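Worksheet: one structure, shown below.
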Amino acid sequence: MLVSPWMIPSPVEEEELYRRFARRIRLYGLRHLRDADGAEDLVQDVLLLVLGKLRAGEVRDVDQLPSFVLGTCRMLVRNKIRGEARRRALLERFEAPVSPIEPPSELRLDMTRLAECMAKLSERARTITVLSFYADRSSTEIAEEMWVSPNNVRVMRHRALAALQQCMEAP
Amino acid sequence: MSCPNVTAGVFVDYWCGDLDRTATEAFEEHLFACDACTTEAERLVATAKRVREGTALGDVASLILTRSAIDRLRQDEVPVRHYTVREGETVPCQATPDHFSVVHLRLDGPTPRTRVDLGVETARGEIIRYEDVPINHLDGEISLAWPGDMVRAQPSGVLTITLTEVAGSEKRLLGQYKLAHSAAD
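Going line by line, the protein sequences match chains A and B. If you read the first sequence in our numbering, its first letter stands for residue 13, the second for the next number, and so on. If you read the second sequence in our numbering, its first letter stands for residue 64, the second for the next number, and so on.
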């Protein structure tokens with residue numbers, strides 16, 4: 013059990029809490045915010061809030077901890093998105109300069125391998141891959157542009173991803 | 064390690080926003096309690112990150128782009144050189160430091176509903192074939208994007224692009240488009 017009910021978590025238990033949930037919160041943040049820095053901020057904010065609640069003895073059912081952490085993620089992301097919408101409205105109103113391009117991550121992965129693996133996909137699979145993971149388009153949006161059904165897009169996207177992952181992870 | 068409770072397609076549907084709200088929330092509840100699914104989701108995110116960064120840097124293979132992908136490149140201020148070519152035309156182009164050169168091939172007449180193949184004959188006489196290329200239906204064109212390295216590797220000379228409509232064993236020439244390429248000094 014991660015944390016005993018009604019008890020203040022020990023430093024070891026806090027570390028275990030971080031180890032267990034940080035990656036999940038990061039995934040949630042990346043999915044909903046589409047921003048690596050925003051996701052890292054979310055990890056810190058959620059864990060601080062959750063630890064505060066645990067230390068205060070406010071989380072009583074430890075089995076509900078995953079749901080509690082997820083609920084905290086949802087609340088903070090909702091607030092963040094609302095705040096971002098307000099910030100954008102202000103930027104538009106006062107014609108603030110466009111944000112600079114996000115610099116490429118220092119985690120420069122094997123791009124040569126990526127190009128080789130992408131080249132092995134069919135033209136349609138490659139286009140769908142770029143639309144899905146670069147342009148952030150849903151299957152419905154891609155289907156409209158390419159005159160195919162959304163189901164067709166989903167099947168091709170799933171197969172392309174599997175082929176890409178297999179190729180990129182090959183020794 | 065894989066989770067018996069989640070099918071593989073769910074991860075990418077979740078990431079791409081193709082699950083409805085109820086399914087999204089149910090998947091997230093599961094994700095927060097399942098190590099195997101967390102690992103699989105991280106694997107997907109790593110691949111998505113590679114594709115995103117590779118595309119923005121022009122470190123991908125040649126691509127057929129649609130309008131929304133082109134819009135996204137513009138929004139991200141990715142250096143892209145555009146050339147629009149009509150059937151029978153020869154348009155000058157040159158090697159540049161841009162991440163991509165995108166050739167927009169304008170289709171005359173109604174947009175084909177069957178398969179369209181594209182072939183590029185380079186100035187060296189090499190033939191590069193692209194089968195069943197996606198058509199940008201919104202603009203009535205096919206947008207072929209070559210990464211900068213691929214463009215810069217071309218010698219000066221004419222590149223001939225041929226579009227062919229394929230229906231079963233029948234093939235019909237849709238048009239030829241030419242680029243007069245100037246190599247970098």
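Ideal Cβ positions, reconstructed from N, Cα and C, are used throughout, including at glycine. Note that the structure is a prediction, hence the values are computed from the model and not measured.
If you ignore the 5 residues before and after residue 213(B), its C-beta comes within less than 7 Å of the C-beta of 125, all in its own chain and listed in chain order.
By the C-beta density criterion, residue 135(A) is buried, having at least 16 other C-beta atoms within 10 angstroms. The CB of residue 105(B) comes closer than 9 Å to the CB of 35, 38 and 39 in chain A, given here in chain order. Looking only at 42(A), 47(A) and 57(A), the smallest Cα-Cα distance to residue 101(B) is reached by 42(A). In this structure the region 165 to 185 of chain B touches the region 198 to 218 of chain B; the number of beta carbon pairs closer than 8 Å is three or more. Only buried fits residue 117(B), as 16 or more other CB atoms lie within 10 angstroms of its CB. Within the same chain, 168 and 172 come within 6 Å of residue 137(A) by CB-CB distance, once the 5 residues on both sides are set aside. Ranked by Cα distance from residue 177(B), the options 215(B), 227(B) and 141(B) are led by 227(B). By the rule that beta-carbons nearer than 7 Å mark a contact, residue 126(A) touches chain B. Shortest Cα-Cα distance from residue 176(A) to any of 156(A), 149(A), 152(A) and 128(A) involves 128(A).
For residue 40(A), the enclosing alpha helix (DSSP H) begins and ends at 23 to 45. Using a CB distance cut-off of 7 Å, residue 172(A) does not count as an interface residue toward chain B.
For secondary structure counted as the beta strand (DSSP E) over 3 or more consecutive residues, the region 136 to 179 of chain B holds these complete runs in sequence order: 143 to 148, 153 to 157 and 163 to 169. In this structure, the beta-carbon distance from residue 113(B) to residue 143(A) does not fall below 7 Å.
If the five residues before and after residue 78(B) are omitted, its C-beta is found closer than 8 Å to the C-beta atoms of 104, 107, 108 and 111, all from its own chain and listed in chain order. Following the DSSP letters along the chain, one finds residue 167(A) inside the alpha helix (DSSP H) bounded by residues 162 to 181. Under a criterion of Cβ atoms nearer than 8 Å, the residues of chain B adjacent to residue 78(A) are, in order, 92, 95 and 96. Interface criterion not met: the Cβ of residue 216(B) is under 7 Å from no Cβ in chain A.
Near chain B, meaning a CB-to-CB distance below 9 Å, the residues of the region 137 to 154 of chain A are 138, 139, 140, 141, 142, 143, 144, 145, 146, 147, 148, 149, 150, 151, 152, 153 and 154. In the structure shown, residue 125(B) adopts coil according to DSSP, grouped into three states. Contact between residue 34(A) and residue 61(A) does not hold, since the beta-carbon distance rounds to 13 Å and is not under 8 Å. At a cut-off of 7 Å between beta carbons, residue 177(A) contacts chain B. For the 7 Å CB-CB criterion, residue 21(A) and residue 82(A) do not form a contact. Out of 171(B), 66(B), 238(B) and 246(B), the CA that lies nearest to the CA of residue 186(B) is found in 246(B).
Using beta-carbon distances, residue 131(B) counts as an interface residue toward chain A, with a partner under 7 Å. Residue 112(B) carries a helical assignment under DSSP once its states are collapsed to helix, strand and coil. Taking the Cα of residue 196(B) as reference, the smallest distance to any Cα among 174(A), 179(A) and 139(A) is reached at 139(A).
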